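Have a look at the structure below, then the notes.
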Amino acid sequence: MIMTSKPFLSPGKQIAYALGQLGWSTLVNIIGLTLVYFYLPPENAGLPTLITTAVFLGIFNAITLIAASGRLWDAITDPLIANLSDRSRHRRGRRIPFLAVGALPAALFCVLMFTPPVREVSAVNIVWLVVMQMLFYLFLTVYVTPYFALLPELGHTATQRLNLSTWISITYALGIMVAAQTPALAGVVQSAFGVDDKMTAFQIAIAALAFVAVLLMYLPVLFIDENRYCERVPSTVPLLEAVRTTFRNQSFRYYVVADFAYFMALTIVNTGLLYYITVLLLLEEALVSALLTVMVILSFVFYPAVNLLARRLGKKPLIVVSFFWMSVIFFGVFFLGRMPLPPVAQAYTLIVLYAIPIAFLGVLPNAVLADIAEHDAMHTGERLEGMFFAARTLMQKLGQTMGVVIFATLTIWGRNPGDDLGVRLSGMAGFALCVAAGLIFLRYNERRVLRELEQREVSAG
1 MIMTSKPFLS
11 PGKQIAYALG
21 QLGWSTLVNI
31 IGLTLVYFYL
41 PPENAGLPTL
51 ITTAVFLGIF
61 NAITLIAASG
71 RLWDAITDPL
81 IANLSDRSRH
91 RRGRRIPFLA
101 VGALPAALFC
111 VLMFTPPVRE
121 VSAVNIVWLV
131 VMQMLFYLFL
141 TVYVTPYFAL
151 LPELGHTATQ
161 RLNLSTWISI
171 TYALGIMVAA
181 QTPALAGVVQ
191 SAFGVDDKMT
201 AFQIAIAALA
211 FVAVLLMYLP
221 VLFIDENRYC
231 ERVPSTVPLL
241 EAVRTTFRNQ
251 SFRYYVVADF
261 AYFMALTIVN
271 TGLLYYITVL
281 LLLEEALVSA
291 LLTVMVILSF
301 VFYPAVNLLA
311 RRLGKKPLIV
321 VSFFWMSVIF
331 FGVFFLGRMP
341 LPPVAQAYTL
351 IVLYAIPIAF
361 LGVLPNAVLA
371 DIAEHDAMHT
381 GERLEGMFFA
391 ARTLMQKLGQ
401 TMGVVIFATL
411 TIWGRNPGDD
421 LGVRLSGMAG
431 FALCVAAGLI
441 FLRYNERRVL
451 RELEQREVSA
461 G
(Lines of atoms letter the chains of each structure in order from A and count residues from 1; the text may use other names and numbers.)
(Lines give C-alpha, C1' and ligand atoms only; values in the text may rest on other atoms or scores of the structure.)
Protein backbone atom coordinates (compact mmCIF):
# COMPACT_ATOMS: atom_id res chain seq x y z
CA MET A 1 0.00 0.00 0.00
CA ILE A 2 1.37 3.44 -0.99
CA MET A 3 0.64 6.47 1.19
CA THR A 4 2.01 10.00 1.11
CA SER A 5 2.67 12.88 3.46
CA LYS A 6 3.36 15.31 0.60
CA PRO A 7 1.50 18.67 0.65
CA PHE A 8 -1.24 19.55 -1.81
CA LEU A 9 -0.71 22.32 -4.35
CA SER A 10 -1.58 25.87 -3.34
CA PRO A 11 -4.40 27.49 -5.37
CA GLY A 12 -1.89 29.44 -7.43
CA LYS A 13 0.06 26.31 -8.35
CA GLN A 14 -3.17 24.46 -9.16
CA ILE A 15 -3.91 27.22 -11.66
CA ALA A 16 -0.38 27.00 -13.09
CA TYR A 17 -0.86 23.25 -13.60
CA ALA A 18 -4.25 23.78 -15.24
CA LEU A 19 -2.96 26.50 -17.58
CA GLY A 20 -0.56 23.98 -19.07
CA GLN A 21 -3.65 22.18 -20.31
CA LEU A 22 -5.01 25.42 -21.80
CA GLY A 23 -1.86 25.55 -23.90
CA TRP A 24 -1.94 22.05 -25.32
CA SER A 25 -5.74 22.07 -25.59
CA THR A 26 -5.45 25.10 -27.86
CA LEU A 27 -3.01 23.25 -30.13
CA VAL A 28 -4.95 20.02 -30.36
CA ASN A 29 -8.27 21.79 -30.92
CA ILE A 30 -6.82 23.92 -33.70
CA ILE A 31 -6.05 20.61 -35.41
CA GLY A 32 -9.43 19.08 -34.59
CA LEU A 33 -11.53 22.05 -35.64
CA THR A 34 -9.57 23.32 -38.63
CA LEU A 35 -7.36 20.69 -40.30
CA VAL A 36 -9.91 18.88 -42.48
CA TYR A 37 -11.67 22.16 -43.32
CA PHE A 38 -8.33 23.80 -44.25
CA TYR A 39 -7.14 21.03 -46.58
CA LEU A 40 -10.53 19.91 -47.94
CA PRO A 41 -12.78 23.00 -47.77
CA PRO A 42 -16.37 23.13 -49.06
CA GLU A 43 -16.91 25.04 -52.28
CA ASN A 44 -18.19 28.16 -50.51
CA ALA A 45 -15.20 28.50 -48.10
CA GLY A 46 -12.97 30.77 -50.22
CA LEU A 47 -9.97 28.49 -49.58
CA PRO A 48 -8.04 26.45 -52.16
CA THR A 49 -8.22 22.66 -52.11
CA LEU A 50 -4.69 21.50 -51.23
CA ILE A 51 -4.81 17.72 -51.56
CA THR A 52 -6.56 15.33 -53.89
CA THR A 53 -10.23 14.50 -53.33
CA ALA A 54 -9.85 11.15 -55.08
CA VAL A 55 -11.50 8.19 -53.35
CA PHE A 56 -9.52 5.03 -52.51
CA LEU A 57 -11.07 1.58 -52.02
CA GLY A 58 -14.48 3.12 -52.57
CA ILE A 59 -14.71 4.94 -49.22
CA PHE A 60 -11.39 6.59 -48.22
CA ASN A 61 -10.02 9.94 -49.36
CA ALA A 62 -6.53 11.35 -48.78
CA ILE A 63 -7.38 13.47 -45.75
CA THR A 64 -9.01 10.42 -44.14
CA LEU A 65 -5.87 8.35 -44.48
CA ILE A 66 -3.54 11.17 -43.41
CA ALA A 67 -5.55 12.06 -40.29
CA ALA A 68 -5.89 8.38 -39.39
CA SER A 69 -2.17 7.74 -39.75
CA GLY A 70 -1.40 10.68 -37.45
CA ARG A 71 -3.70 9.48 -34.70
CA LEU A 72 -2.45 5.90 -34.99
CA TRP A 73 1.13 7.11 -34.68
CA ASP A 74 0.08 9.17 -31.67
CA ALA A 75 -1.51 6.11 -30.10
CA ILE A 76 1.63 4.02 -30.61
CA THR A 77 3.88 6.60 -28.94
CA ASP A 78 1.63 7.00 -25.86
CA PRO A 79 2.66 3.80 -24.00
CA LEU A 80 6.32 4.28 -24.97
CA ILE A 81 6.46 7.78 -23.50
CA ALA A 82 4.37 6.71 -20.49
CA ASN A 83 6.74 3.87 -19.65
CA LEU A 84 9.78 6.13 -19.99
CA SER A 85 8.09 8.63 -17.68
CA ASP A 86 6.99 6.03 -15.10
CA ARG A 87 10.53 4.62 -14.94
CA SER A 88 12.35 7.98 -15.02
CA ARG A 89 14.86 8.84 -12.28
CA HIS A 90 15.52 12.41 -13.42
CA ARG A 91 16.48 14.74 -10.57
CA ARG A 92 13.50 17.04 -11.31
CA GLY A 93 11.01 14.19 -11.18
CA ARG A 94 9.32 11.71 -13.48
CA ARG A 95 7.02 14.12 -15.35
CA ILE A 96 8.19 17.76 -15.44
CA PRO A 97 11.32 17.12 -17.57
CA PHE A 98 9.12 15.61 -20.30
CA LEU A 99 6.86 18.68 -20.25
CA ALA A 100 9.93 20.90 -20.70
CA VAL A 101 11.05 18.94 -23.78
CA GLY A 102 7.67 18.56 -25.50
CA ALA A 103 6.10 22.04 -25.37
CA LEU A 104 8.01 24.10 -27.96
CA PRO A 105 8.28 21.47 -30.73
CA ALA A 106 4.59 20.61 -30.39
CA ALA A 107 3.62 24.25 -30.99
CA LEU A 108 6.09 24.62 -33.87
CA PHE A 109 4.88 21.54 -35.75
CA CYS A 110 1.25 22.51 -35.19
CA VAL A 111 1.94 25.71 -37.15
CA LEU A 112 3.91 23.87 -39.85
CA MET A 113 0.98 21.52 -40.49
CA PHE A 114 -0.86 24.54 -41.90
CA THR A 115 1.97 25.79 -44.13
CA PRO A 116 1.93 23.43 -47.13
CA PRO A 117 4.68 24.06 -49.70
CA VAL A 118 2.26 24.24 -52.66
CA ARG A 119 -0.92 26.33 -52.73
CA GLU A 120 -2.89 23.92 -54.90
CA VAL A 121 -3.62 20.21 -55.12
CA SER A 122 -0.24 18.46 -54.91
CA ALA A 123 1.32 15.21 -53.73
CA VAL A 124 4.02 17.35 -52.09
CA ASN A 125 1.40 18.69 -49.68
CA ILE A 126 0.46 15.16 -48.69
CA VAL A 127 4.06 14.26 -47.86
CA TRP A 128 4.51 17.53 -45.95
CA LEU A 129 1.34 17.04 -43.92
CA VAL A 130 2.18 13.43 -43.03
CA VAL A 131 5.69 14.32 -41.77
CA MET A 132 4.63 17.46 -39.86
CA GLN A 133 1.71 15.61 -38.32
CA MET A 134 3.89 12.76 -37.07
CA LEU A 135 6.31 15.19 -35.45
CA PHE A 136 3.50 17.21 -33.90
CA TYR A 137 1.87 14.18 -32.31
CA LEU A 138 5.21 12.81 -31.08
CA PHE A 139 6.02 15.95 -29.12
CA LEU A 140 2.42 16.44 -28.03
CA THR A 141 2.59 12.97 -26.47
CA VAL A 142 5.91 13.84 -24.78
CA TYR A 143 4.02 16.67 -23.07
CA VAL A 144 0.48 15.35 -22.55
CA THR A 145 1.03 11.82 -21.25
CA PRO A 146 3.31 12.85 -18.33
CA TYR A 147 1.05 15.88 -17.75
CA PHE A 148 -1.96 13.67 -17.09
CA ALA A 149 0.12 11.29 -14.99
CA LEU A 150 0.70 14.19 -12.59
CA LEU A 151 -3.02 14.37 -11.76
CA PRO A 152 -3.25 11.35 -9.38
CA GLU A 153 0.22 12.15 -8.01
CA LEU A 154 -0.57 15.78 -7.18
CA GLY A 155 -4.04 14.93 -5.82
CA HIS A 156 -3.63 12.72 -2.74
CA THR A 157 -7.35 12.18 -2.01
CA ALA A 158 -10.45 11.68 -4.15
CA THR A 159 -11.57 15.23 -3.35
CA GLN A 160 -8.22 16.73 -4.35
CA ARG A 161 -8.24 14.74 -7.58
CA LEU A 162 -11.78 15.92 -8.34
CA ASN A 163 -10.75 19.53 -7.71
CA LEU A 164 -7.73 19.26 -10.01
CA SER A 165 -9.84 17.56 -12.64
CA THR A 166 -12.30 20.45 -12.44
CA TRP A 167 -9.49 22.97 -12.98
CA ILE A 168 -8.07 21.18 -16.02
CA SER A 169 -11.55 20.70 -17.43
CA ILE A 170 -12.03 24.47 -17.29
CA THR A 171 -8.77 25.09 -19.13
CA TYR A 172 -9.44 22.36 -21.70
CA ALA A 173 -12.78 24.01 -22.47
CA LEU A 174 -11.05 27.38 -22.69
CA GLY A 175 -8.65 25.78 -25.18
CA ILE A 176 -11.62 24.85 -27.37
CA MET A 177 -12.84 28.43 -27.15
CA VAL A 178 -9.42 29.86 -28.00
CA ALA A 179 -8.90 27.46 -30.94
CA ALA A 180 -12.39 28.28 -32.20
CA GLN A 181 -11.30 31.89 -32.67
CA THR A 182 -9.13 30.84 -35.61
CA PRO A 183 -11.65 31.81 -38.36
CA ALA A 184 -12.58 35.06 -36.59
CA LEU A 185 -8.93 35.93 -35.95
CA ALA A 186 -8.15 35.21 -39.59
CA GLY A 187 -10.92 37.66 -40.51
CA VAL A 188 -9.35 40.30 -38.25
CA VAL A 189 -5.97 39.72 -39.91
CA GLN A 190 -7.56 40.25 -43.31
CA SER A 191 -9.47 43.41 -42.39
CA ALA A 192 -7.06 45.08 -39.97
CA PHE A 193 -3.74 44.26 -41.63
CA GLY A 194 -4.78 44.24 -45.27
CA VAL A 195 -4.03 40.58 -45.89
CA ASP A 196 -6.07 39.77 -48.98
CA ASP A 197 -5.34 36.04 -49.11
CA LYS A 198 -7.63 34.05 -46.79
CA MET A 199 -5.24 31.10 -46.54
CA THR A 200 -2.40 33.36 -45.37
CA ALA A 201 -4.73 34.96 -42.83
CA PHE A 202 -5.55 31.51 -41.42
CA GLN A 203 -1.84 30.70 -41.13
CA ILE A 204 -1.06 33.95 -39.27
CA ALA A 205 -3.98 33.36 -36.89
CA ILE A 206 -2.81 29.81 -36.12
CA ALA A 207 0.79 30.96 -35.54
CA ALA A 208 -0.37 33.66 -33.10
CA LEU A 209 -2.50 31.19 -31.12
CA ALA A 210 0.33 28.62 -31.04
CA PHE A 211 2.72 31.25 -29.63
CA VAL A 212 0.37 31.94 -26.73
CA ALA A 213 -0.17 28.19 -26.27
CA VAL A 214 3.52 27.39 -25.83
CA LEU A 215 3.94 30.09 -23.18
CA LEU A 216 1.09 28.54 -21.21
CA MET A 217 2.53 25.04 -21.58
CA TYR A 218 5.71 26.10 -19.76
CA LEU A 219 3.88 27.37 -16.65
CA PRO A 220 3.79 23.95 -14.90
CA VAL A 221 7.48 23.50 -15.72
CA LEU A 222 8.33 26.82 -14.08
CA PHE A 223 6.05 26.76 -11.05
CA ILE A 224 5.60 23.14 -9.92
CA ASP A 225 8.32 21.39 -7.95
CA GLU A 226 7.46 17.76 -8.60
CA ASN A 227 9.77 16.48 -5.89
CA ARG A 228 7.96 18.58 -3.27
CA TYR A 229 4.40 17.59 -4.18
CA CYS A 230 4.66 14.04 -5.56
CA GLU A 231 5.95 10.73 -4.26
CA ARG A 232 9.07 9.89 -6.23
CA VAL A 233 8.63 6.14 -6.75
CA PRO A 234 9.85 5.11 -10.20
CA SER A 235 8.20 1.99 -11.56
CA THR A 236 10.25 -1.08 -12.32
CA VAL A 237 7.62 -2.70 -14.57
CA PRO A 238 8.72 -3.20 -18.22
CA LEU A 239 6.63 -1.69 -21.02
CA LEU A 240 4.63 -4.72 -22.19
CA GLU A 241 3.93 -5.89 -18.65
CA ALA A 242 2.77 -2.39 -17.70
CA VAL A 243 0.36 -2.34 -20.64
CA ARG A 244 -1.02 -5.76 -19.69
CA THR A 245 -1.39 -4.66 -16.06
CA THR A 246 -3.58 -1.70 -16.97
CA PHE A 247 -5.89 -3.72 -19.19
CA ARG A 248 -6.18 -6.51 -16.61
CA ASN A 249 -7.90 -3.98 -14.35
CA GLN A 250 -11.64 -4.59 -14.83
CA SER A 251 -12.68 -1.09 -13.80
CA PHE A 252 -10.26 0.37 -16.32
CA ARG A 253 -11.57 -1.85 -19.14
CA TYR A 254 -15.16 -0.61 -18.73
CA TYR A 255 -13.92 2.95 -18.43
CA VAL A 256 -11.67 2.90 -21.46
CA VAL A 257 -14.08 1.17 -23.87
CA ALA A 258 -16.81 3.70 -23.03
CA ASP A 259 -14.27 6.51 -23.42
CA PHE A 260 -13.24 5.10 -26.82
CA ALA A 261 -16.83 5.20 -28.10
CA TYR A 262 -17.43 8.69 -26.70
CA PHE A 263 -14.31 10.20 -28.24
CA MET A 264 -15.13 8.64 -31.57
CA ALA A 265 -18.52 10.37 -31.44
CA LEU A 266 -17.06 13.66 -30.19
CA THR A 267 -14.43 13.74 -32.95
CA ILE A 268 -17.02 13.09 -35.64
CA VAL A 269 -19.12 16.03 -34.52
CA ASN A 270 -16.22 18.41 -33.75
CA THR A 271 -14.71 17.73 -37.17
CA GLY A 272 -18.08 18.43 -38.71
CA LEU A 273 -18.84 21.65 -36.84
CA LEU A 274 -17.63 24.05 -39.54
CA TYR A 275 -19.60 22.02 -42.08
CA TYR A 276 -22.77 22.13 -39.96
CA ILE A 277 -22.58 25.91 -39.89
CA THR A 278 -21.57 26.59 -43.49
CA VAL A 279 -23.22 23.67 -45.33
CA LEU A 280 -26.33 22.70 -43.35
CA LEU A 281 -27.25 26.14 -41.96
CA LEU A 282 -25.62 28.23 -44.74
CA LEU A 283 -24.11 30.65 -42.21
CA GLU A 284 -20.68 32.30 -42.02
CA GLU A 285 -17.82 30.18 -40.63
CA ALA A 286 -16.90 32.93 -38.14
CA LEU A 287 -20.10 32.05 -36.23
CA VAL A 288 -18.27 28.97 -34.92
CA SER A 289 -16.14 31.25 -32.72
CA ALA A 290 -19.21 32.80 -31.10
CA LEU A 291 -20.94 29.43 -30.68
CA LEU A 292 -18.01 27.75 -28.96
CA THR A 293 -17.46 30.79 -26.77
CA VAL A 294 -21.09 30.53 -25.60
CA MET A 295 -20.66 26.79 -25.05
CA VAL A 296 -17.55 27.24 -22.90
CA ILE A 297 -19.04 30.04 -20.81
CA LEU A 298 -22.23 28.05 -20.20
CA SER A 299 -20.27 24.94 -19.27
CA PHE A 300 -18.41 27.03 -16.67
CA VAL A 301 -21.75 27.95 -15.12
CA PHE A 302 -22.40 24.25 -14.53
CA TYR A 303 -18.97 23.37 -13.12
CA PRO A 304 -19.87 24.12 -9.47
CA ALA A 305 -22.93 21.91 -9.85
CA VAL A 306 -20.79 19.15 -11.39
CA ASN A 307 -18.43 19.19 -8.42
CA LEU A 308 -21.26 19.28 -5.87
CA LEU A 309 -23.38 16.58 -7.54
CA ALA A 310 -20.35 14.31 -7.97
CA ARG A 311 -19.74 14.41 -4.22
CA ARG A 312 -23.38 13.65 -3.44
CA LEU A 313 -24.43 11.26 -6.20
CA GLY A 314 -21.13 9.83 -7.39
CA LYS A 315 -19.40 10.40 -10.71
CA LYS A 316 -20.68 7.31 -12.53
CA PRO A 317 -24.43 8.16 -12.76
CA LEU A 318 -23.65 11.69 -13.91
CA ILE A 319 -21.36 10.38 -16.66
CA VAL A 320 -23.94 7.86 -17.88
CA VAL A 321 -26.72 10.47 -18.05
CA SER A 322 -24.37 12.85 -19.88
CA PHE A 323 -23.60 10.21 -22.52
CA PHE A 324 -27.30 9.67 -23.18
CA TRP A 325 -28.03 13.42 -23.21
CA MET A 326 -25.28 13.99 -25.74
CA SER A 327 -26.63 11.20 -27.95
CA VAL A 328 -29.92 13.10 -28.27
CA ILE A 329 -28.08 16.28 -29.26
CA PHE A 330 -26.08 14.46 -31.92
CA PHE A 331 -29.31 12.96 -33.26
CA GLY A 332 -30.54 16.53 -33.81
CA VAL A 333 -27.60 17.31 -36.12
CA PHE A 334 -29.32 15.33 -38.88
CA PHE A 335 -32.20 17.86 -38.90
CA LEU A 336 -30.17 21.10 -38.92
CA GLY A 337 -31.45 23.48 -41.57
CA ARG A 338 -34.78 21.65 -41.66
CA MET A 339 -36.20 22.75 -38.31
CA PRO A 340 -38.93 25.45 -38.09
CA LEU A 341 -36.46 27.95 -36.62
CA PRO A 342 -34.12 30.54 -38.15
CA PRO A 343 -30.69 29.02 -38.89
CA VAL A 344 -28.93 31.11 -36.23
CA ALA A 345 -31.49 30.04 -33.62
CA GLN A 346 -30.92 26.37 -34.56
CA ALA A 347 -27.17 26.81 -34.11
CA TYR A 348 -27.46 28.45 -30.70
CA THR A 349 -30.08 25.98 -29.46
CA LEU A 350 -27.82 23.08 -30.34
CA ILE A 351 -24.78 24.61 -28.65
CA VAL A 352 -26.65 25.58 -25.46
CA LEU A 353 -27.91 22.01 -25.03
CA TYR A 354 -24.42 20.70 -25.87
CA ALA A 355 -22.80 22.79 -23.10
CA ILE A 356 -24.44 20.84 -20.27
CA PRO A 357 -23.07 17.32 -20.93
CA ILE A 358 -19.74 18.85 -22.00
CA ALA A 359 -19.42 20.33 -18.49
CA PHE A 360 -19.93 16.94 -16.84
CA LEU A 361 -17.83 14.95 -19.31
CA GLY A 362 -15.04 17.51 -19.15
CA VAL A 363 -14.61 17.18 -15.38
CA LEU A 364 -15.59 13.69 -14.28
CA PRO A 365 -13.78 11.15 -16.52
CA ASN A 366 -10.29 12.39 -15.55
CA ALA A 367 -11.25 12.18 -11.86
CA VAL A 368 -12.59 8.65 -12.37
CA LEU A 369 -9.39 7.51 -14.04
CA ALA A 370 -7.28 9.08 -11.29
CA ASP A 371 -9.36 7.07 -8.76
CA ILE A 372 -8.80 3.88 -10.77
CA ALA A 373 -5.03 4.47 -11.01
CA GLU A 374 -4.76 5.22 -7.28
CA HIS A 375 -6.89 2.15 -6.45
CA ASP A 376 -4.64 -0.03 -8.59
CA ALA A 377 -1.48 1.35 -6.92
CA MET A 378 -3.01 0.59 -3.52
CA HIS A 379 -3.41 -3.09 -4.45
CA THR A 380 -0.28 -3.68 -6.54
CA GLY A 381 2.26 -1.36 -4.89
CA GLU A 382 3.35 -0.13 -8.36
CA ARG A 383 2.68 3.47 -9.39
CA LEU A 384 1.71 3.21 -13.05
CA GLU A 385 -0.20 6.50 -13.37
CA GLY A 386 1.56 7.34 -16.61
CA MET A 387 0.63 4.02 -18.14
CA PHE A 388 -3.03 4.24 -17.08
CA PHE A 389 -3.37 7.67 -18.64
CA ALA A 390 -1.36 6.56 -21.68
CA ALA A 391 -3.56 3.51 -22.17
CA ARG A 392 -6.57 5.80 -21.88
CA THR A 393 -5.18 8.28 -24.40
CA LEU A 394 -4.15 5.39 -26.68
CA MET A 395 -7.77 4.22 -26.83
CA GLN A 396 -8.99 7.81 -26.94
CA LYS A 397 -6.79 8.57 -29.93
CA LEU A 398 -7.83 5.37 -31.67
CA GLY A 399 -11.38 6.61 -31.16
CA GLN A 400 -10.44 10.02 -32.54
CA THR A 401 -8.75 8.32 -35.50
CA MET A 402 -11.88 6.36 -36.25
CA GLY A 403 -13.96 9.51 -35.78
CA VAL A 404 -11.98 11.43 -38.40
CA VAL A 405 -12.09 8.40 -40.71
CA ILE A 406 -15.85 8.09 -40.30
CA PHE A 407 -16.53 11.78 -40.87
CA ALA A 408 -14.18 12.14 -43.84
CA THR A 409 -15.61 8.94 -45.34
CA LEU A 410 -19.17 10.18 -44.91
CA THR A 411 -18.30 13.36 -46.85
CA ILE A 412 -18.13 11.16 -49.95
CA TRP A 413 -21.94 11.10 -49.78
CA GLY A 414 -22.15 14.89 -49.75
CA ARG A 415 -20.31 17.81 -48.14
CA ASN A 416 -21.65 20.81 -50.05
CA PRO A 417 -24.83 22.93 -49.81
CA GLY A 418 -27.69 21.03 -51.40
CA ASP A 419 -25.59 17.84 -51.46
CA ASP A 420 -25.15 17.28 -47.72
CA LEU A 421 -26.25 13.74 -46.85
CA GLY A 422 -22.78 12.72 -45.64
CA VAL A 423 -22.55 15.69 -43.27
CA ARG A 424 -26.02 14.89 -41.84
CA LEU A 425 -25.20 11.21 -41.33
CA SER A 426 -22.26 12.19 -39.13
CA GLY A 427 -24.76 13.23 -36.45
CA MET A 428 -26.45 9.82 -36.55
CA ALA A 429 -23.06 8.13 -36.13
CA GLY A 430 -22.37 10.28 -33.06
CA PHE A 431 -25.80 9.39 -31.65
CA ALA A 432 -25.19 5.63 -31.88
CA LEU A 433 -21.72 5.84 -30.35
CA CYS A 434 -22.82 7.92 -27.34
CA VAL A 435 -25.62 5.45 -26.58
CA ALA A 436 -23.04 2.65 -26.67
CA ALA A 437 -20.72 4.60 -24.34
CA GLY A 438 -23.48 5.05 -21.76
CA LEU A 439 -24.46 1.39 -21.79
CA ILE A 440 -20.85 0.22 -21.39
CA PHE A 441 -20.04 2.60 -18.53
CA LEU A 442 -22.99 1.27 -16.54
CA ARG A 443 -20.76 -1.77 -15.79
CA TYR A 444 -18.13 0.26 -13.86
CA ASN A 445 -18.28 -0.46 -10.09
CA GLU A 446 -17.56 2.98 -8.69
CA ARG A 447 -18.85 2.18 -5.19
CA ARG A 448 -16.25 -0.53 -4.62
CA VAL A 449 -13.34 1.60 -5.87
CA LEU A 450 -14.22 4.61 -3.71
CA ARG A 451 -15.06 2.52 -0.65
CA GLU A 452 -11.66 0.85 -0.66
CA LEU A 453 -9.85 4.14 -1.26
CA GLU A 454 -11.74 5.75 1.65
CA GLN A 455 -10.85 2.83 3.90
CA ARG A 456 -7.17 3.34 3.10
CA GLU A 457 -7.39 7.08 3.79
CA VAL A 458 -9.08 6.40 7.16
CA SER A 459 -6.45 3.85 8.15
CA ALA A 460 -3.66 6.22 7.06
CA GLY A 461 -5.20 9.05 9.13
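Position one of the sequence shown corresponds to residue 1 (the numbering used here), numbered consecutively onward. For glycine and all other residues, C-beta sits at the position ideal for the given N, C-alpha and C. Nothing here was measured: the structure is a model prediction, and the numbers come from that model.
* Exposure of E374, with buried meaning 16 or more beta-carbon neighbours within 10 Å -> With a threshold of 16 other beta carbon atoms within 10 Å, E374 meets it and is buried.
- Uninterrupted alpha helix (DSSP H) stretches inside the region 197 to 230 (no shorter than 4 residues): Segments of the alpha helix (DSSP H) lying fully in the region 197 to 230: 198 to 217, 219 to 223, 226 to 229.
- Task: Using 10 angstroms around the beta-carbon of G12, count the other beta-carbons present and answer buried if the total reaches 16, otherwise exposed.
- Result: Exposed: under 16 other Cβ atoms inside 10 Å.
ask   = When burial is assigned at 16 or more other CB atoms within 10 Å of the CB, is D78 buried or exposed?
value = Classification for D78: buried.
Note to self: Looking at S426: is its Cβ nearer than 9 Å to the Cβ of G362?
What the structure shows: A distance of 9 Å or more separates the beta carbons of S426 and G362.
Identify, in the order they occur along the chain, each residue of the same chain with its Cβ nearer than 6 Å to the Cβ of Y37, setting aside the five sequence neighbours on each side.
So the qualifying residues of the chain are L274.
- Whose C-beta lies closer than 6 Å to the C-beta of L421 among residues of the same chain, with five residues either side of it excluded? Excluding its 5 nearest sequence neighbours in each direction, L421 has C-beta neighbours in its own chain below 6 Å: W413, G414, listed in chain order.
> Among all the DSSP beta bridges, which residues are the ones paired with D419?
Replying inline: N416, per the DSSP bridge assignment.
Worksheet item: Roughly how far, in whole angstroms, is the beta-carbon of A16 from the beta-carbon of F389, given that I think they are within contact range, below 8 Å?
Response: Contact check for A16 and F389: beta-carbon distance about 19 Å, past the 8 Å limit, so the pair fails to qualify.
By Cβ distance, which residues of its chain are closer than 7 Å to T246, with the 5 residues on each side in sequence left out?
-> Correct list, in chain order: F252, L384, M387, F388, A391.
Query raised in the report: Taking the alpha carbon of N366 as the point to measure from, which residue in L219, M378, D196, S169 has its own alpha carbon closest?
Result: With distances taken between Cα atoms, N366 lies closest to S169.
Anticipated Cβ contact below 8 Å, S463 with Q181, distance rounded: Given a span of 1 to 461 for the chain in the structure shown, any question on residue 463 remains unanswerable.
* Which same chain residues, not among the five before or five after A68, have their C-beta less than 7 Å away from its C-beta? -> Within its own chain, the residues whose Cβ lies closer than 7 Å to the Cβ of A68, once the five positions on either side in sequence are excluded, are T401, V404, V405, listed in chain order.
Leaving out the 5 sequence neighbours to the left and right, which residues in its chain are closer than 7 Å to V121 when beta-carbon positions are compared?
T49, L50, I51, T52, listed in sequence order.
Where Y444 falls: helix, strand or coil (DSSP)
Correct three-state label for Y444: coil.
| query | If you check the beta carbons only, do N307 and L154 fall under 9 Å apart? | reply | The answer is no: Cβ separation not under 9 Å.
| query | So, helix, strand or coil for Q21, using DSSP? | reply | In this structure, Q21 counts as helix in the three-state DSSP scheme.
By how many angstroms is the C-alpha of A45 removed from the C-alpha of D197?
Computed Cα separation, rounded: 12 Å.
message = I'd like to know if the region 342 to 361 and the region 276 to 292 are in contact, where contact means that at least 3 CB-CB pairs between them fall below 8 Å.
response = Touching, yes.
**Item:** H379 versus V221, L19, Q455, A62, residue with shortest Cα-Cα distance
**Value:** Nearest to H379 by C-alpha distance, out of V221, L19, Q455, A62, is Q455.
Do A179 and T271 have their C-beta atoms within less than 9 Å of each other?
Contact flag unset, no.
Cβ-Cβ distance between L336 and R424 below 9 Å
Closer than 9 Å, so yes.
* Enumerate, from N- to C-terminal direction, the unbroken alpha helix (DSSP H) stretches of 4 or more residues contained entirely within the region 245 to 278. => Along the region 245 to 278, the alpha helix (DSSP H) occurs as fully enclosed runs of 4 or more residues at 250 to 275, listed in sequence order.
* Test item: CB-CB of L364 and L318 under 9 Å -> Yes, the Cβ-Cβ distance between L364 and L318 is below 9 Å.
Query raised in the report: If we ignore side chains and look at the alpha-carbon of each, how far apart do I440 and F260 end up?
Result: Rounded to whole angstroms, I440 to F260 spans 11 Å at the Cα level.
Practice item. Output the distance between the C-alpha atoms of L453 and F98, rounded to the nearest integer angstrom. Key: Computed Cα separation, rounded: 29 Å.
Which stretch, first to last residue, makes up the alpha helix (DSSP H) that contains I51?
I51 -> no alpha helix (DSSP H), and no H or E assigned at all.
- So, is R94 buried or exposed, given that buried needs 16 or more other C-beta atoms within 10 angstroms? Burial check for R94: the Cβ neighbour count within 10 Å reaches 16 or more, so the residue is buried.
Query - Inter-residue CB distance, Q203 and F114 (contact presumed, cutoff 8 Å) - result: The C-beta distance from Q203 to F114 rounds to 5 Å, short enough to fall under 8 Å.
Keeping to the same chain, check which residues put their C-beta closer than 6 Å to that of N227; ignore five residues upstream and five downstream. Here the set comprises G93.
- Message: Restricting to Cα atoms, I'd like to know which of K6, F8, A62, L112 is closest to I31.
- Response: Nearest C-alpha to I31 among K6, F8, A62, L112: L112.
field: C-beta atoms of L27 and A123 nearer than 9 Å
entry: At least 9 Å separates the beta-carbon of L27 from that of A123.
Worksheet entry | Inter-residue spacing [alpha-carbon to alpha-carbon] between N29 and T171 | Spanning the alpha carbons of N29 and T171 requires a straight line of approximately 12 Å.
Using C-beta distances below 8 Å, list every residue in its chain close to W167, excluding the 5 sequence neighbours before and after it, in chain order. The residues Q14, I15, Y17, A18, in chain order, have a CB closer than 8 Å to that of W167 in the same chain once the five nearest residues on each side in sequence are set aside.
**Prompt:** Residue range of the alpha helix (DSSP H) that Q346 falls in?
**Reply:** Here the alpha helix (DSSP H) through Q346 covers 343 to 380.
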